[in-house]
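Heads up: the sequence shown at position 73 corresponds to 65 in the working numbering, and the numbers run straight through without jumps.
Just so you know, even glycine gets a beta-carbon here, dropped at the ideal spot from N, CA and C.
Everything numeric in this text was worked out from a predicted model, so none of it was measured.
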Amino acid sequence: MKQALRLITAVCGLSLVFLGLAPLGLSAQDVRSVDDEINDLRSKLVKINADLDELEKDLLLPRMSAVKIFLTSSSGRDFQLEQVKVLLNGKVVGSHVYRQEENIALDNGGAQELYMGPISEGEHTIQAQFSGVDSLKTKVNRAIQIKFRGRSRVLSFVELKVSYDRTKRAPDFTYDIWE
């Protein structure tokens, strides 16, 4: 956008030079009038550019807060995730049933987005419910609860982490929050 403004300014400046050099029979007052119009257009372009910059900021950093919840896993063959359900302030906002290929992709560094959406400022609660099977084919059902604060114009990232604690011989469900 700024390049376009520079280009228009350069064109306006060049046309003023050509108007001054061209034998059009224009009086000094006519040239000043054209110069005033060009300056008026230039100031309008600067105003439009400032408005566009403000709109661009609103698109990139909305006035509302938002949260993005995603899942990662490093549990390997010790735990196979079967399903996850995510509740935000008591409302189901995401769920997924996992296939073997998806577990492999997650264990190889993949991440899955479970939810992204607006939130209001203030306190919020995320509840993540996990179910799966450990290496002994024992069914595992766990839930974690996360409290966080939505802040104005901030995108919060919540990573739900699935891992396996070999000393406890049990899957471990944790989280990280970034703002």
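Among the residues of its own chain, which have a CB less than 8 Å from the CB of residue i, if the five just before and after it don't count?
| i | result |
| --- | --- |
| SER112 | MET56, SER57, GLY142 |
| LEU13 | For LEU13, the predicted structure reports a pLDDT of 46, less than 50, and the residue's modelled location is therefore unreliable. The matter cannot be settled from this model. |
| GLU171 | ARG143, VAL146, LEU147, SER148, PHE149 |
| ALA20 | none |
| GLN92 | GLN72 |
Going by CA-CA distance only, name the one from the options that's closest to residue i.
| i | options | result |
| --- | --- | --- |
| GLY68 | ARG158, GLU171, TYR167 | ARG158 |
| ASN95 | SER66, LYS77, GLU105, MET108 | SER66 |
| GLN137 | SER144, ASP43, LEU73, LYS77 | LYS77 |
| TYR107 | VAL84, GLU115, GLN121, GLY101 | VAL84 |
| GLU105 | GLU115, GLY82, GLU151 | GLU151 |
| GLN121 | ASN31, LEU80, VAL59, PHE140 | LEU80 |
| LYS129 | PHE71, GLY82, ILE169 | PHE71 |
| THR64 | LYS139, PRO110, GLY101 | GLY101 |
| HIS88 | ILE61, GLN75, THR166 | GLN75 |
| VAL132 | ALA103, GLU115, ALA162 | ALA162 |
| ILE61 | ALA103, GLU115, ASP126, GLY114 | ALA103 |
| ASP180 | LEU44, ILE118, GLU46, ASP126 | Lying before the first or after the last residue shown, residue 180 is absent from the chain, which here runs from -7 to 171. |
| GLY82 | SER19, GLU115, LEU98, ASP99 | GLU115 |
| ALA135 | ASP27, ILE40, LEU98, THR166 | THR166 |
| PRO110 | PHE140, GLY86, VAL59, LEU98 | VAL59 |
Within its chain, find whatever has a CB closer than 7 Å to the CB of residue i; leave out the 5 residues flanking it on each side and keep chain order.
| i | result |
| --- | --- |
| LYS160 | none |
| ASP164 | SER155, TYR156, ASP157 |
| LEU73 | SER65, TYR90, ASN95, PHE122, GLY124, VAL154 |
Helix or strand or just coil, what does DSSP make of residue i?
| i | result |
| --- | --- |
| SER35 | helix |
| LEU128 | coil |
| LEU44 | helix |
| LEU13 | Note that LEU13 has pLDDT 46, beneath the 50 cutoff, so the model's placement of it is unreliable and the number below is only indicative. Helix, per DSSP. |
| PHE122 | strand |
Tell me, please, which residues DSSP counts as bridged to residue i.
| i | result |
| --- | --- |
| SER25 | In DSSP, SER25 forms no bridge with anything. |
| LEU51 | LEU51 pairs with nothing; no bridge assigned. |
| ILE169 | VAL150 |
| ALA20 | Answer is none; ALA20 lacks a bridge partner. |
| ILE61 | TYR107, VAL150 |
| ASP164 | SER155 |
In chain order, which continuous runs of the alpha helix (DSSP H) of length 4 or greater are located wholly inside the stretch 75 to 119? Listed in chain order, they are 92 to 99.
Can you list, in chain order, the stretches of the beta strand (DSSP E) that have 3 or more residues and sit fully within the stretch 136 to 162? The stretch 136 to 162 contains, as complete beta strand (DSSP E) runs of 3+ residues, the segments 147 to 157 (chain order).
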